[in-house]
């Protein structure tokens, strides 16, 4: 049985929805299907850019097209419970009002102009629950912890791709009730690009240019409770970069782009404290078990541990700078995606660490569900070594990190590992490794340190969880191919052909005519 | 009664302490430069004592730190001049609340009952009276062109005046008076304008806050604060009104009956009977350079540096013959400082590079000359009288050992006043601020450009160094506690708090941002 892979999906999970590939409107030049699929509990959803549709793909029910009322999806974001998907998209309307105008071509023949109307829709169980017109620039979503609300906002990092129709109000955030789909706009200041919710979802912390706002969510009025300035000088632009809440929700920790200042915002007493970090942080993680925050720096060989009582920092020197943090409940796994080969297992209580030396520099690290193991995808490096060392340096690899015994085992891969994932119900710890340009999905028995191939129907480009313990693999096939894997049995069910839907249409009907608007 | 002392030394040395003693309080709450000792330019240049025996290098201060925070037992009030706000820091929660006050607030003072903070806003010519708890504000207008504020011990009366030793208030144009001042009842909000002597130098209140004394070179203005409309009476204190000597120092007897005034270059002091408003001159020997009351208020002591004598007056009967004590013949002594227990006093000079000090046993009268590691920049007796803290000059005495580790370096000494053992400490920079805990157990100081809080344990004469996040500007102690705070360089404000008992340092930074928080 051949099983395609799903690398893009996993990459999406790693870098966040705001880093999705550019997804343009449907046209014959567009790809037939977008391999950044979204796996929900009920099915997998796939955008079809060429036809402008959204396919729902199920291992036993096959595929169907979701009726979006003419909306062409451009971005999909799964809700946290994986029960729904938020669909960003647009549909064309003709500026000329004429009942005879039924298609795009009609509009052009009657000197009309086409305009795109942008909309966000909530799809659940294969059907649209609600839809609302929005401005074009909204390109990111944050969810409450209970998954009942979403906040739609502009992701400033993708500034070059910000789409503006007419005059856009960049100061707004849209709060969306994920049950009813109702949307409430709230003015929060210029370029709000990060939103965080406190533990009980009673408050939203919004980062915007030069300030941080707290919005109360319990009354339904979305009132701004407090506005914290990050500078008192209008000439000094302080751009918040990341935000996290301390475990008790009392403090918001705000890092600033290119600055070693950590703004500690007391949400209860409504006051500001600034803590000086060792450098401008690359990553920040709050550990609820240790009640400490961890900061690493791509250009500074140390980790800062911040306690949440006096907000004092303990700086632990390292041999190499680190750029990434995986929280391990009281410990942290530090590694670097900047070409460093050290990794550190840091105890947040004792501030001691165990140093691991990976064979090649990692590009990604994935933790096992029980956090006893980690898999690192490693990449080739330039080296002056010879013999076996040189060969290893030039190879892609996967490294098994035993987080209990503090040791690591390097494995060489025949091609670039696109994604790794742990299975949850196997008798022994098992991981799946998806390799580029390969029709084999590697199954690693992490206890025995053995690998066995699972043959795929076509090379895989993405991998994601599906259902309770299964996986969906995205295959590289022109007309669409998804493979559903049961890792316990090794059974694979493939569903393909969904990308052919709608590509043979002639005239392009206007999905919503003037009288429908 | 809470008393805050700020001692400034040399060109930039400023010491702050909260204690019931060590502690002369100029009524405006700033350092009483007259009562502290410092080396001046003459001393720094190594001029010999003989060179200035006639009129002499002054033992007075040159300047004091502006914008000192004010404290109560649970709050610190910090003026933000550039933003027209005052921040209140709660201790120990370190909650910061910021309120708008008038334009260019210059000084904040807290009342002795810890219930109010009084802010003088130089730019808007008004006072803001803040309720310490609620921060509710009341604004009271004062006269323009004033630049200093003094607050009575009971916190009721504020006198806002134009201090001749202060820089102007930055105003320009219009007609200006150098004699007018504002008297404000901070409780009722009443404002009174009065005319006093030309260019006041100092304002002081009697202990019961019933009278305010405004000192200028020619006149002492006595303001009766017990009547509905404060009444001003003026007393001539200079014998030569055409060329009056600068008034340098005033002390008021505890019962408010007499004021003792020392003037530069005079071989006597002026005694003013505050009831009859008569002035008498009490001979004091040559070149009196310091005037002090003993802690029990019974004696007024004048150090006559020129004749090397102490003149001790009975405060209750100042017209009686003073006790004249000859000082050790080879010593140069220009300053006196009493221990709070009234058992001894320290005699020394800051006007020359002398590495000695003399202890004066008040019961036996014995004078003992004792060595120091270096010459004296300032002397402070701890609040319980257990130890003596001496900050030394960077310059050395002419006979100093050039191979000493201390040669050419800053230094300080802690000296036990029970057995006079001492701990001499080499410093990496000039000390800029100093404070004691009220119980006399701990002392704190900071140095120029050094991000450290130095903690002095007077029990064992030990020193602990605490790292700060930036260079300190000022150190103080929360009223009635051992809790030290350090104001530090940071464009958005930084305060560190140190509890020596638990050895915990807490720091808040950016509290001025709180003024921009919108609720």
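Residue numbers (the numbering used here), protein chains in the order written: chain P, 367 to 883; chain V, 138 to 656. Note that beta-carbon positions come from the ideal geometry of N, C-alpha and C, so glycine has one too. Treat the numbers as computed from the prediction; the structure is a model and nothing was measured.
Neighbouring residues, chain V, relative to residue i (Cβ below 9 Å)
i	result
residue 623 (chain P)	Within chain V, no residue comes near residue 623 (chain P); the closest Cβ sits about 17 Å away, beyond 9 Å.
residue 606 (chain P)	Going along chain V, no residue has its Cβ under 9 Å from residue 606 (chain P), so there is no contact; the nearest lies around 13 Å.
Rounded separation between residue i and residue j - CA only
i	j	result
residue 585 (chain P)	residue 555 (chain P)	21 Å
residue 847 (chain P)	residue 828 (chain P)	11 Å
residue 646 (chain V)	residue 293 (chain V)	33 Å
residue 363 (chain V)	residue 415 (chain V)	20 Å
residue 167 (chain V)	residue 210 (chain V)	Its pLDDT being 28, under 50, residue 167 (chain V) is placed unreliably in this model, and the value from its coordinates should be taken loosely. Approximately 19 Å, taken between the alpha carbons.
residue 620 (chain P)	residue 823 (chain P)	47 Å
residue 631 (chain V)	residue 648 (chain V)	7 Å
residue 398 (chain P)	residue 420 (chain P)	11 Å
residue 290 (chain V)	residue 246 (chain V)	11 Å
residue 408 (chain P)	residue 686 (chain P)	45 Å
residue 181 (chain V)	residue 546 (chain V)	Since pLDDT at residue 181 (chain V) reaches only 30, below the 50 mark, its modelled position is unreliable, and no value is offered.
residue 805 (chain P)	residue 632 (chain P)	53 Å
residue 450 (chain V)	residue 374 (chain V)	19 Å
residue 726 (chain P)	residue 603 (chain P)	39 Å
residue 489 (chain P)	residue 865 (chain P)	19 Å
residue 486 (chain P)	residue 497 (chain P)	6 Å
residue 510 (chain V)	residue 542 (chain V)	10 Å
residue 200 (chain V)	residue 636 (chain V)	Note that residue 200 (chain V) scores 31 on pLDDT, short of 50, meaning its location in the model is unreliable and no value can be drawn from it.
residue 595 (chain P)	residue 654 (chain V)	6 Å
residue 592 (chain P)	residue 563 (chain V)	49 Å
residue 553 (chain P)	residue 852 (chain P)	47 Å
residue 803 (chain P)	residue 658 (chain P)	42 Å
Amino acids of chain P, ordered along the chain, whose beta-carbon sits closer than 7 Å to that of residue i
i	result
residue 211 (chain V)	Ordered by position in chain P, no residue passes the 7 Å Cβ test against residue 211 (chain V), which lies about 15 Å from the chain.
residue 651 (chain V)	637, 638
residue 232 (chain V)	635, 637
Neighbouring residues, chain P, relative to residue i (Cβ below 8 Å)
i	result
residue 220 (chain V)	598
residue 648 (chain V)	637, 638, 639
Proximity to residue i [Cα-Cα], best of the options
i	options	result
residue 837 (chain P)	P:704, P:396, P:397, P:410	P:410
residue 487 (chain V)	V:496, V:479, V:480, V:473	V:473
residue 456 (chain P)	P:481, P:712, P:507, P:804	P:481
residue 585 (chain V)	V:568, V:498, V:634, V:595	V:568
residue 744 (chain P)	P:732, P:591, P:736, P:820	P:732
residue 861 (chain P)	P:418, P:404, P:614, P:428	P:428
residue 208 (chain V)	V:640, V:619, V:627	V:619
residue 639 (chain V)	V:611, V:579, V:655, V:627	V:579
residue 710 (chain P)	P:704, P:471, P:695, P:690	P:690
residue 732 (chain V)	V:501, V:507, V:627, V:489	Because residue 732 (chain V) is not part of the residues shown, which for chain V are 138 to 656, the question remains open.
Beta-carbon contacts of residue i that lie in its chain and below 6 Å, excluding the five residues immediately before and after
i	result
residue 352 (chain V)	338, 339, 384, 387
residue 650 (chain V)	629
residue 401 (chain V)	382, 383, 385
residue 559 (chain V)	550, 552
residue 261 (chain V)	239, 240
residue 509 (chain P)	446, 516
Within 8 Å, strictly: CB atoms of residue i and residue j
i	j	result
residue 275 (chain V)	residue 652 (chain V)	no
residue 406 (chain V)	residue 419 (chain V)	yes
residue 607 (chain V)	residue 588 (chain V)	yes
residue 451 (chain P)	residue 459 (chain P)	no
residue 544 (chain P)	residue 551 (chain P)	no
residue 597 (chain P)	residue 576 (chain P)	yes
residue 783 (chain P)	residue 770 (chain P)	no
residue 250 (chain V)	residue 263 (chain V)	no
residue 268 (chain V)	residue 285 (chain V)	no
Contacting residues, own chain, Cβ-Cβ under 7 Å from residue i (five flanking each side not counted)
i	result
residue 335 (chain V)	315, 316, 353, 355
residue 423 (chain V)	404, 441, 443, 444
residue 546 (chain P)	496
residue 446 (chain V)	422, 461, 462, 463, 464
residue 462 (chain P)	473, 476, 477, 478
Neighbouring residues, chain V, relative to residue i (Cβ below 8 Å)
i	result
residue 815 (chain P)	Going along chain V, no residue has its Cβ under 8 Å from residue 815 (chain P), so there is no contact; the nearest lies around 48 Å.
residue 592 (chain P)	654, 655, 656
Partners in chain P for residue i, counting only beta-carbon separations shorter than 9 Å
i	result
residue 606 (chain V)	641, 642
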